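Chemist: In the UniProt record's numbering, the protein residues as written are 1 to 367.
Have a look at this one:
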């Protein structure tokens, strides 16, 4: 039977979410109803709220979530009621060329970017009509309905708050290191931006055995968090010449450098942090239409490479359980990423803190 749920809704009329009731219909064929246990508060949601990315409205925000399967539609075989699952904001169609090549993040058959289920509809509504789930998951809600391929089963021992982070920031950050850049042990690396995803990059570099690992930010508390997660050196970008310091630490520039903010200014300076032949990885997502100026001649002559990283090159059905296993084995200290556990009605405060740069990661914990 359809049920109601409290959700954080973006109506497109300003930078404040409204926590209000929505109706959640039963799951259709190959769909899964999930009761959320936790939802991360991510920078991609802020892009939407602040008008930097355009989406249909009204939209239940949130794309980083975990919970329990409540019911399944006809034909679902991957999960069953009672399973703990992490939600993937890019549900793979499992049929396109990208999916066949093992690149679920590049799926061309998904409609998640339209905030629609595979049949072109949603299971959310209110008294005025259709409500869209952000990236087809809409995790800032007590309940949601997602495609089967967006619900990935993980061990029940993984707490919901930690599991929710695996669904975006951890898969994105760790994946940028191990899937996209494939950083070898002993390689030097710099990480520009130490929010939730940047700290996940630091963890990925620690896991890979990189050295030195240089964390760059303007907030001392974020640099302290980076040190606790394996950064061997830190640079205050507002007080020190970043490229000069990185060059001194590495003896000529980093082998790998990760931009995890999505600011044009820092993207443009990324090549200056690299040694000849180094690799720059673009992890942070800028506003729509942003353009960066790069010295192409210098890039070519020095043999440097810039690569894009979308969702950390993750295949959710494979990477989510692996990351959960590494957490349970003590190899990924994901609990330490969560600076604030909040109620749903505190979500706007969390975004204000994000804009001010005063938190690493806020996670909504549902009762």
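Heads up, the beta-carbon is just placed ideally off N, CA and C, and yes, glycines get one too. Since the structure is predicted, the reported quantities are computational estimates derived from the model, not experimental observations.
#1: How far does the beta strand (DSSP E) with residue 173 in it reach, from first residue to last?
#2: What first and last residue would you give for the beta strand (DSSP E) that runs through residue 340?
#3: Note down the Cα distance separating residue 122 from residue 332, rounded to an integer number of angstroms.
#4: Would you kindly report the start and end of the unbroken alpha helix (DSSP H) that includes residue 154?
#5: Let me know the secondary structure DSSP gives residue 103 once reduced to three states.
#6: With a threshold of 6 angstroms on Cβ separation, who are the neighbours of residue 53 within its own chain once the five nearest residues in sequence on each side are excluded?
#7: Taking its Cβ as the centre, do 16 or more other Cβ atoms sit within 10 Å of residue 359, making it buried, or is it exposed?
#8: On the three-state DSSP scale, how would you describe residue 9?
#9: Contact check, residue 148 vs residue 60 under 8 angstroms by CB: the rounded distance?
#10: Specify whether the region 151-164 and the region 241-258 touch according to this definition: at least 3 beta carbon pairs, one from each stretch, less than 8 angstroms apart.
#11: Using the Cβ count rule (16 or more neighbours within 10 Å means buried), how would you classify residue 1?
#12: For residue 227, name the three-state secondary structure that DSSP assigns.
#13: Leaving out five residues before and five after residue 4 in sequence, what residues of the same chain have Cβ atoms less than 6 angstroms from its Cβ?
#14: My parser needs the beta strand (DSSP E) runs of 3 or more residues fully inside the region 242-286; what are they?
#15: By the 10 Å Cβ neighbour count, where 16 or more other Cβ atoms means buried, how is residue 338 classified, buried or exposed?
#16: Expressed to the nearest angstrom, what Euclidean distance is found between the alpha-carbon atoms of residue 95 and residue 109?
#17: How long is the line joining the alpha carbons of residue 32 and residue 106, rounded to whole angstroms?
#18: Apart from the five residues on each side of it in sequence, which residues of its chain come closer than 6 angstroms, Cβ to Cβ, to residue 45?
#19: Since residue 321 and residue 145 are thought to touch, with beta carbons under 8 angstroms apart, how far apart are those beta carbons, to the nearest angstrom?
#20: Note down the Cα distance separating residue 101 from residue 281, rounded to an integer number of angstroms.
#21: What is the rounded straight-line gap between the Cα of residue 41 and the Cα of residue 361?
#22: Look at the Cβ atom of residue 317, then the Cβ atom of residue 152, and state whether they are nearer than 8 angstroms.
#23: Tell me, please, which residues DSSP counts as bridged to residue 59.
#24: Give the range of the alpha helix (DSSP H) segment to which residue 137 is assigned.
#25: Could you tell me whether the region 232-252 touches the region 288-299, where touching means 3 or more Cβ pairs closer than 8 angstroms?
#26: Give the single residue among 12, 193 and 125 whose Cα lies nearest to the Cα of residue 264.
#27: Classify residue 16: buried if its beta carbon has 16 or more other beta carbons within 10 angstroms, exposed otherwise.
Modeler: Considering the structure as presented:
#1: Segment 171-175 is the alpha helix (DSSP H) holding residue 173; no beta strand (DSSP E) there.
#2: 340-342
#3: 35 angstroms
#4: Neither: residue 154 is in no alpha helix (DSSP H) and is coded neither H nor E.
#5: coil
#6: 47 and 288
#7: buried
#8: strand
#9: Actually they are not in contact, since the Cβ atoms of residue 148 and residue 60 sit about 20 angstroms apart, beyond 8 angstroms.
#10: no
#11: exposed
#12: helix
#13: 21 and 23
#14: 254-259 and 274-282
#15: buried
#16: 7 angstroms
#17: 22 angstroms
#18: 61
#19: Not a contact, Cβ separation roughly 22 angstroms.
#20: 22 angstroms
#21: 7 angstroms
#22: yes
#23: 10 and 132
#24: Counting along the chain, residue 137 falls outside any alpha helix (DSSP H), and DSSP gives it neither H nor E.
#25: no
#26: 193
#27: exposed
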